[in-house]
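Numbering (my numbering), first residue to last: 1 to 48. The beta carbon of each residue, even a glycine, is placed where N, CA and C say it ideally should be. As the structure is a prediction and not an experimental result, all values here were calculated from the model. Working notes, structure below.
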C-alpha cells in the first residue's frame, strides 16, 4: 500500500522501502487487482 501521510503507528510493524518523489498521478491510477508488469530500482543519493 501507499501511505499518504505520516503514520507513526505503522513504524513498528512495517518497513519503508520506497518513496514517491514525482508522478503521483501514476500512483493515483493504481487499482486493486492491478498486476506489476515491470519494476526498476533507481538509486537516488549517495552510494553506500
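Residue interval of the alpha helix (DSSP H) (run including residue i)
i, result
"residue 26", "24-28"
Beta-carbon proximity of residue i to residue j, cut-off 8 Å
i, j, result
"residue 2", "residue 21", "no"
Three-state secondary structure assigned by DSSP to residue i
i, result
"residue 10", "helix"
Closest Cα partner of residue i within the set the options
i, options, result
"residue 42", "31, 4, 17", "17"
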